[in-house]
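Its first residue numbered 0, the sequence shown is counted upward by one per residue in numbering that gives the first Met the number 0.
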Amino acid sequence: MSDSKIPADIKKLSFEDALEELEDIVRDLESGEVKLDEAIDSYARGAHLKKHCQAKLKEAQMKIDKIVTSPDGTIGSEPANLD
């Protein structure tokens, strides 16, 4: 897939909606009932959905965890203060 930009319609999806669509694509592709051209398009859309889901998870993780460096230089994480 040469274009790694996530399409605007996918960017608008919530994590849950994107994951549901990705699961539907996987199910369709695994069934073997999809025509080749449709399978290629579905695979490309699935790759974009996967990338979007990964970005949403990373964003959520960053909201939850705060990266900290201790005085001895070791790096760890602690729950973020969301107050």
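The beta-carbon is built from N, C-alpha and C at its ideal position, and this holds for glycine as well.
For the alpha helix (DSSP H) containing residue i, name the first residue and the last one.
i: residue 63; result: 35–63
What number of angstroms, rounded off, separates the C-alpha of residue i from the C-alpha of residue j?
i: residue 21; j: residue 71; result: 43 Å
i: residue 30; j: residue 75; result: 43 Å
i: residue 57; j: residue 68; result: 20 Å
i: residue 77; j: residue 5; result: 31 Å
i: residue 25; j: residue 19; result: 10 Å
i: residue 62; j: residue 55; result: 11 Å
Which class does residue i belong to by DSSP, given the choice of helix, strand or coil?
i: residue 77; result: strand
i: residue 6; result: coil
i: residue 12; result: coil
i: residue 32; result: coil
Residue i bridges to which residues according to DSSP?
i: residue 67; result: 75
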